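Visitor: Could you have a look at this structure, given as structure tokens, before my questions?
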Amino acid sequence: MNVSIPDNFGYVILTIISSMFMLIYKGLKVGKARKKYNLPYPAMYHPDSVVFNCIQRAHQNTLEQYPQFLVLMLFAGIKYPCGATVLGLLWIVSRIVYAHGYYTGDPSKRTRGAFGYIGYFGLIGMSISTALSLLHFI
Numbered sequence: 001m002n003v004s005i006p007d008n009f010g011y012v013i014l015t016i017i018s019s020m021f022m023l024i025y026k027g028l029k030v031g032k033a034r035k036k037y038n039l040p041y042p043a044m045y046h047p048d049s050v051v052f053n054c055i056q057r058a059h060q061n062t063l064e065q066y067p068q069f070l071v072l073m074l075f076a077g078i079k080y081p082c083g084a085t086v087l088g089l090l091w092i093v094s095r096i097v098y099a100h101g102y103y104t105g106d107p108s109k110r111t112r113g114a115f116g117y118i119g120y121f122g123l124i125g126m127s128i129s130t131a132l133s134l135l136h137f138i
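Mapping of the sequence shown onto UniProt numbering: position 128 corresponds to residue 128, and the numbering continues sequentially without gaps.
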């Protein structure tokens, strides 16, 4: 079976590039917090600052999810480039909302970004559909 890249796949690529800017933003926030709370490298967490630790966790948690996001975007985008783009952008926005809730120092406020699971699970569904289509099951 030949797989061709759909014309709208450029949107998937632009969404992935947008997600990289979100990661850069979060990384800069951690760097700024390191200076503010005087935490040198290689320490990951501050022994006394809950706020720093929340800023660091917001970034770290996104990095933990990022490889799956990239793979899902690429797989879903093969068959559903526009749908994958919408769900990917939803996930990106949710990660920013999640981070800003976490940046308050109150970890319970991170759940403001929980709507991103709509994007995440939607991408999983689209990726499964892509795989099943390639296998001629649907």
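Backbone N, C-alpha and C fix where the C-beta goes; we use that ideal spot for every residue, glycine too.
This one's a predicted model, so the numbers in the text were calculated from it and none came from an experiment.
If A58 and Y102 are in contact, beta carbons under 8 Å, what's the gap, nearest whole angstrom?
Guide: Between Y102 and A58 the Cβ distance is about 4 Å, and since that is below 8 Å, they are a contact.
Visitor: Go ahead and pull the three-state DSSP assignment for Y41.
Guide: Here Y41 sits in coil by DSSP.
Visitor: How is the alpha helix (DSSP H) around A84 delimited, first residue to last?
Guide: Element bounds for A84: 81–102.
Visitor: Counting Cβ pairs, one atom from each stretch, are 3 or more of them under 8 Å apart for the stretch 8–24 and the stretch 73–85?
Guide: The stretch 8–24 vs the stretch 73–85: in contact.
Visitor: Count the other CB atoms, across all protein chains shown, that sit within 10 Å of the CB of N38; report buried if there are 16 or more and exposed otherwise.
Guide: Label assigned to N38: exposed.
Visitor: Does DSSP put A114 in a helix, a strand or coil?
Guide: Coil.
Visitor: With 16 other CB atoms within 10 Å as the buried threshold, where does I5 fall?
Guide: Result: exposed.
Visitor: Between residue 223 and the rest of its own chain, which residues show a CB-CB distance below 7 Å, the 5 nearest in sequence each way excluded?
Guide: Here the chain comprises residues numbered 1 to 138, so residue 223 is not present and cannot be evaluated.
Visitor: Here's the rule I'm using: 16 or more other beta-carbon atoms within 10 Å means buried, otherwise exposed. How should L72 be labelled?
Guide: Its Cβ being crowded by 16 or more others within 10 Å, L72 is buried.
Visitor: I'd like the list of long-range same chain contacts for P81, defined as Cβ closer than 6 Å, with 5 residues on each side in sequence excluded.
Guide: Closer than 6 Å at Cβ, skipping near neighbours: P6, N8, F9, Y11, V12.
Visitor: I need the DSSP call for K46, collapsed to helix, strand or coil.
Guide: One detail in the question is off: residue 46 reads as His in this sequence, not Lys. Three-state result, H46: coil.
Visitor: Buried or exposed: which applies to S108, given that a residue is buried once 16 or more other Cβ atoms fall within 10 Å of its Cβ?
Guide: Answer is exposed; the Cβ neighbour count stays below 16.
Visitor: Tell whether a beta-carbon distance below 8 Å holds between L123 and L87.
Guide: In this structure, L87 lies closer than 8 Å to L123 by Cβ.
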